[in-house]
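If you read the sequences in order, they're chains H and Z.
In case it helps, our numbering puts the first sequence at residues 14 to 383.
In case it helps, our numbering puts the second sequence at residues 6 to 316.
For each residue, glycine too, the CB sits at the ideal point set by N, CA and C.
From a predicted model like this one, the values you see are computed outputs, not experimental measurements.
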Amino acid sequence: MLDVAYSLRVIRAVALNDIRSALTERLFTSVSILLPLNFLLLFLLFVLTGGQAPTAVVMDDTGPYAEQFLQALQGARSFTIVRSTADEAQRLMQQGRIVAIVTVPADFDAALQSGQTISLPVIVNNLNVDYTNDIRRAVPLAITSFYAHAFPDQVVVRANEIDVHAQDTGYIEYLSVSIVVVSLLVGGLLQAGTNAAREYETGTIKELLLAPADRWAIEVGKMLGALALNVLSAAVVVGVVVLGLGVRPVHLPEMLGYTLLVMLTFVSLGLLAGTLVRRRTAVVPLSIALSLPIFFISGAFGPVQWGSAALAFISRLQPVYYAIAVFQYAFHDFETTPSSLSLNGLLLLTFTVVIVVASAIALRRRGAAQ
Amino acid sequence: MPVAIELRELTKRFGTFVALDSLSLSVQRGEIFGLLGPNGSGKTTTVNILSGLSRPSAGSATVLGYDITRDTRAVRASLGAVPQETALYEELTAWTNMVFHADLYNVVGHDRNSRILKLLDLVQLTDRRDSRVSTFSGGMKRRLALARALLHDPQLLYLDEPTLGVDVQSRRALWDYILGLKQQGKTVLLTTNYLEEANTLCDRLAILDHGKLVALDTATALKQRYGDMVIDLELDPVPSQSLLGDLRALPGVSEVVLSDGHVHLTTTGQRSVTGDIITLVAKQSTVRSISQREPNLDEIFLHLTGTALRD
Numbered sequence: 014m015l016d017v018a019y020s021l022r023v024i025r026a027v028a029l030n031d032i033r034s035a036l037t038e039r040l041f042t043s044v045s046i047l048l049p050l051n052f053l054l055l056f057l058l059f060v061l062t063g064g065q066a067p068t069a070v071v072m073d074d075t076g077p078y079a080e081q082f083l084q085a086l087q088g089a090r091s092f093t094i095v096r097s098t099a100d101e102a103q104r105l106m107q108q109g110r111i112v113a114i115v116t117v118p119a120d121f122d123a124a125l126q127s128g129q130t131i132s133l134p135v136i137v138n139n140l141n142v143d144y145t146n147d148i149r150r151a152v153p154l155a156i157t158s159f160y161a162h163a164f165p166d167q168v169v170v171r172a173n174e175i176d177v178h179a180q181d182t183g184y185i186e187y188l189s190v191s192i193v194v195v196s197l198l199v200g201g202l203l204q205a206g207t208n209a210a211r212e213y214e215t216g217t218i219k220e221l222l223l224a225p226a227d228r229w230a231i232e233v234g235k236m237l238g239a240l241a242l243n244v245l246s247a248a249v250v251v252g253v254v255v256l257g258l259g260v261r262p263v264h265l266p267e268m269l270g271y272t273l274l275v276m277l278t279f280v281s282l283g284l285l286a287g288t289l290v291r292r293r294t295a296v297v298p299l300s301i302a303l304s305l306p307i308f309f310i311s312g313a314f315g316p317v318q319w320g321s322a323a324l325a326f327i328s329r330l331q332p333v334y335y336a337i338a339v340f341q342y343a344f345h346d347f348e349t350t351p352s353s354l355s356l357n358g359l360l361l362l363t364f365t366v367v368i369v370v371a372s373a374i375a376l377r378r379r380g381a382a383q
Numbered sequence: 006m007p008v009a010i011e012l013r014e015l016t017k018r019f020g021t022f023v024a025l026d027s028l029s030l031s032v033q034r035g036e037i038f039g040l041l042g043p044n045g046s047g048k049t050t051t052v053n054i055l056s057g058l059s060r061p062s063a064g065s066a067t068v069l070g071y072d073i074t075r076d077t078r079a080v081r082a083s084l085g086a087v088p089q090e091t092a093l094y095e096e097l098t099a100w101t102n103m104v105f106h107a108d109l110y111n112v113v114g115h116d117r118n119s120r121i122l123k124l125l126d127l128v129q130l131t132d133r134r135d136s137r138v139s140t141f142s143g144g145m146k147r148r149l150a151l152a153r154a155l156l157h158d159p160q161l162l163y164l165d166e167p168t169l170g171v172d173v174q175s176r177r178a179l180w181d182y183i184l185g186l187k188q189q190g191k192t193v194l195l196t197t198n199y200l201e202e203a204n205t206l207c208d209r210l211a212i213l214d215h216g217k218l219v220a221l222d223t224a225t226a227l228k229q230r231y232g233d234m235v236i237d238l239e240l241d242p243v244p245s246q247s248l249l250g251d252l253r254a255l256p257g258v259s260e261v262v263l264s265d266g267h268v269h270l271t272t273t274g275q276r277s278v279t280g281d282i283i284t285l286v287a288k289q290s291t292v293r294s295i296s297q298r299e300p301n302l303d304e305i306f307l308h309l310t311g312t313a314l315r316d
């Protein structure tokens with residue numbers, strides 16, 4: 014009982030000490046808050062700028078069929094439509110402001126009514142193959158869609174779509190949740206990593222190592238200190254996604270709980286990294302270098318199982334995969350992994366415990382080498 | 006007198022490098038014991054092993070009866086340490102540093118604050134209790150580190166270079182504190198490169214070199230082992246080799262060195278040989294000056310290790 018009370022006192026003391034120390038060092042504290050936010054904004058910009066192909070539509074015919082076709086183009090969700098004249102469209106193309114010009118010819122309605130073949134001019138600036146392919150896929154899709162609405166009797170094959178989820182989720186909505194996870198990862202690595210490395214840089218690690226306290230209690234204290242400091246950056250990141258982008262969590266209590274769990278996992282990773290590298294100047298680039306590749310292989314853009322089996326296997330070996338899974342559930346009610354939600358949570362907890370034990374061992378061994 | 010520290014064939018290897026080579030010694034309770042040696046001699050390795058920061062490759066050691074590998078926690082609880090770099094949280098106040106140490110060492114209860122105040126008073130830092138440590142001078146930091154090390158009332162104190170980088174006035178004050186610890190019955194193990202410090206503070210000295218114990222005794226006994234007296238002569242003209250040979254042959258003269266025109270003679274034994282030396286030298290040279298003194302620890306160290314202490 015005495016030992017438990019003592020260990021709890023050590024945990025509290027170490028956590029408070031780390032918070033006090035970190036708050037006196039504004040540079041690293043600012044970096045720990047701003048860098049995750051920077052990650053969030055960077056990825057959001059990437060998402061927002063990489064969406065739909067800007068396309069000019071020249072309406073030489075304004076008959077009802079021509080207008081219905083324009084609506085079909087707009088409904089294809091691949092274009093940002095700019096309705097313009099032929100001259101204006103050419104100027105936009107020359108200025109590099111649009112990817113394609115689709116011209117609805119003057120005899121569009123008449124040709125349709127007389128059953129003639131219509132040649133639809135599509136000029137594509139094929140500088141970027143992704144956008145080019147978007148145009149190549151979406152224009153035929155718009156034609157099919159147009160026919161299905163305008164001449165329902167002529168289109169006899171129809172897809173009978175049954176949705177797994179009650180509502181569609183946009184690319185931005187899905188990805189922004191994954192970005193929250195990578196921002197928490199960067200924040201956790203930075204905050205806990207710099208807290209741990211500071212002890213070695215300033216020599217205060219000896220004060221900790223010479224104490225009769227358990228190593229795990231010291232590590233847990235450092236984790237909780239980093240967690241408390243990380244709350245601010247996590248709140249900012251989650252706030253931007255929820256309030257700024259309007260991506261609301263479907264399961265609010267779960268979102269709060271999983272945020273706490275994921276932050277714990279990531280600060281434990283940071284603690285281990287800081288104990289191993291022992292230099293704050295090394296922690297910052299290491300945090301960025303670790304976060305980016307892990308983020309990309311962890312199902313940030315869609316379930317990992319949709320990719321290669323090898324990638325899915327590698328992804329399952331690290332906690333970010335499970336963190337994205339529980340966050341996608343909390344925000345969108347998605348289950349993006351074959352394993353159940355409770356198992357994902359349990360695995361995150363297991364990762365945390367294993368990493369804390371590894372940190373305690375590293376503290377003992379690296380401490381001896383100090 | 007009961008033993009505070011006992012080292013038996015303690016060895017530490019880092020790969021092929023042997024940092025400690027079968028070191029055996031014991032420190033008595035209530036003793037101020039000095040570890041001397043040039044950089045890399047094994048002082049820090051010894052202390053790291055004793056404080057549980059490092060494990061020995063071979064051999065064993067006990068601290069206050071606790072085995073250092075089995076009872077690490079008990080060893081740490083009974084040890085107060087002042088590392089060379091002080092290990093103070095400089096961005097925090099003196100008071101916060103003391104409270105943090107109290108929590109780490111399970112110093113609890115209503116008298117904790119009064120104990121902290123008492124120790125800050127002892128090292129004359131009460132009026133700076135709320136100042137950040139980063140605003141302290143080197144001497145003040147050392148004093149605070151000493152107060153912190155005493156907070157959990159350890160029976161054994163380890164002081165690593167306790168006055169390194171400290172001004173003369175603060176050094177004297179720190180020496181007084183350390184001597185005061187001995188009066189309280191505490192055992193002090195200190196490493197130092199200052200021979201004057203070792204001479205003033207230490208009951209016994211261990212001189213280490215290349216991880217081995219080369220001498221262990223009181224400062225007085227070490228001096229006597231080197232020689233009872235050092236006689237320094239300035240002669241005109243500079244003495245010939247034959248005269249130096251005659252001096253070496255005198256009974257009671259253990260060493261004769263010619264340096265910068267001065268002849269340094271080390272003498273041993275109770276009998277004064279100064280008269281014999283003067284008589285012999287006067288036959289060939291004029292004695293311009295003569296002085297005699299006890300050998301200092303620098304000379305003893307150089308004699309034992311072949312290197313100066315500061316190397």
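Label residue i either buried or exposed according to how many other C-beta atoms from any shown protein chain fall within 10 Å of its C-beta, with 16 as the threshold for buried.
i, result
"P225(H)", "buried"
"E214(H)", "exposed"
"L269(H)", "exposed"
"M14(H)", "Note that M14(H) scores a pLDDT of 49, beneath 50, so its modelled location is shaky and nothing firm can be said."
"S127(H)", "exposed"
"R171(H)", "exposed"
"V169(H)", "exposed"
"H115(Z)", "exposed"
"R153(Z)", "buried"
"P167(Z)", "buried"
"L359(H)", "exposed"
"G287(H)", "buried"
"V278(Z)", "buried"
"Y184(H)", "exposed"
Hey, quick one: how far does the beta strand (DSSP E) through residue i stretch, first residue to last?
i, result
"K17(Z)", "V8 to F19"
"I121(Z)", "Run containing I121(Z): none in the beta strand (DSSP E); it sits in the alpha helix (DSSP H), R117 to L127."
"H267(Z)", "H267 to T272"
"V235(Z)", "M234 to D241"
"G85(Z)", "L84 to V87"
"F141(Z)", "Here F141(Z) belongs to no beta strand (DSSP E), and DSSP marks it neither H nor E."
Nearest to residue i by CA position, among the options, is which residue?
i, options, result
"V333(H)", "V170(H), P316(H) and D346(H)", "P316(H)"
"N111(Z)", "G234(H), L21(H) and R293(H)", "L21(H)"
"A203(Z)", "D265(Z), G170(Z), Q160(Z) and D303(Z)", "D303(Z)"
"G64(Z)", "L84(Z), L25(Z) and G45(Z)", "L25(Z)"
"D122(H)", "A79(H), R96(H) and I114(H)", "A79(H)"
"K235(H)", "I111(H), L282(H) and H264(H)", "L282(H)"
"A89(H)", "T68(H), M106(H), V367(H) and F56(H)", "T68(H)"
"D251(Z)", "L285(Z), R133(Z), L238(Z) and T196(Z)", "L285(Z)"
"L248(Z)", "L221(Z), Q89(Z), D222(Z) and D281(Z)", "D281(Z)"
"L55(H)", "A85(H), Q129(H), V195(H) and A18(H)", "V195(H)"
Could you tell me whether the Cβ of residue i comes closer than 7 Å to any Cβ of chain C?
i, result
"S136(Z)", "Structure shown: chain C not included; protein chains present are H and Z."
Would you give the residue range spanned by the alpha helix (DSSP H) that residue i belongs to?
i, result
"I327(H)", "A322 to S328"
"G250(Z)", "Q246 to A254"
"T50(Z)", "K48 to L55"
"P266(H)", "L265 to V290"
"T279(Z)", "T279 to A287"
"L197(H)", "Y184 to T215"
"D222(Z)", "Counting along the chain, D222(Z) falls outside any alpha helix (DSSP H), though it belongs to the beta strand (DSSP E) covering K217 to D222."
>> For the structure I just gave you, are there three or more beta carbon pairs, one from the region 328-345 of chain H and one from the region 305-312 of chain H, closer than 8 Å?
In response: Taking one beta carbon from each stretch, the region 328-345 of chain H and the region 305-312 of chain H have 3 or more pairs nearer than 8 Å; the two touch.
>> With a threshold of 8 Å, are at least 3 pairs of Cβ atoms found where one atom belongs to the region 179-188 of chain H and the other to the region 116-126 of chain H?
In response: Contact fails: fewer than three Cβ-Cβ distances are below 8 Å.
>> Output needed in chain order: residues of the region 100-127 of chain Z with a Cβ under 9 Å from some Cβ in chain H.
In response: Cβ contacts with chain H come from T101, N102, V104, F105, H106, A107, D108, L109, Y110, N111 and V113.
>> Three Cβ pairs or more, each shorter than 8 Å: is that satisfied between the region 195-207 of chain H and the region 41-50 of chain H?
In response: Judged by Cβ distances under 8 Å, the region 195-207 of chain H makes contact with the region 41-50 of chain H, as three or more pairs qualify.
> Taking three-plus beta-carbon pairs below 8 Å as touching, is the region 137-145 of chain H in contact with the region 164-178 of chain H?
Replying inline: They do not touch, by the three-pair rule.
>> Whether or not the region 293-300 of chain Z and the region 251-262 of chain Z are in contact is what I'm after, with contact meaning three or more pairs of Cβ atoms, one per stretch, closer than 8 Å; do they touch?
In response: Short answer: they don't touch.
>> For the pair the region 61-75 of chain Z and the region 368-380 of chain H, tell me if three or more CB-CB distances fall below 8 Å.
In response: Per the Cβ contact rule, the region 61-75 of chain Z is not in contact with the region 368-380 of chain H (fewer than 3 Cβ pairs under 8 Å).
> Which of the residues in the region 205-223 of chain H, read from start to end, lie with their CB under 8 Å from any CB of chain Z?
Replying inline: So the close ones are T215, G216, T217, I218, K219, E220, L221, L222 and L223.
> Listed from N- to C-terminal order along the chain, which residues in the region 41-56 of chain Z have their beta-carbon within a distance smaller than 9 Å of any beta-carbon of chain H?
Replying inline: Result list: N53 and S56.
> Is there contact here, the region 119-126 of chain Z with the region 30-39 of chain H, by at least three beta-carbon pairs under 8 Å?
Replying inline: Taking a cut-off of 8 Å on C-beta distances, the region 119-126 of chain Z does not touch the region 30-39 of chain H, as fewer than three cross pairs fall below it.
> Is the region 76-93 of chain Z touching the region 153-162 of chain Z, taking contact as three or more C-beta pairs under 8 Å?
Replying inline: Touching, yes, given that three or more Cβ pairs across the two stretches are closer than 8 Å.
>> Quick test of the definition: if touching needs 3 or more C-beta pairs under 8 Å, does the region 149-165 of chain H touch the region 23-35 of chain H?
In response: Taking a contact to require three or more Cβ pairs closer than 8 Å, the region 149-165 of chain H and the region 23-35 of chain H do not qualify as touching.
> In chain order, what residues of the region 161-181 of chain Z put their CB closer than 7 Å to some CB of chain H?
Replying inline: Hits within the stretch: zero.
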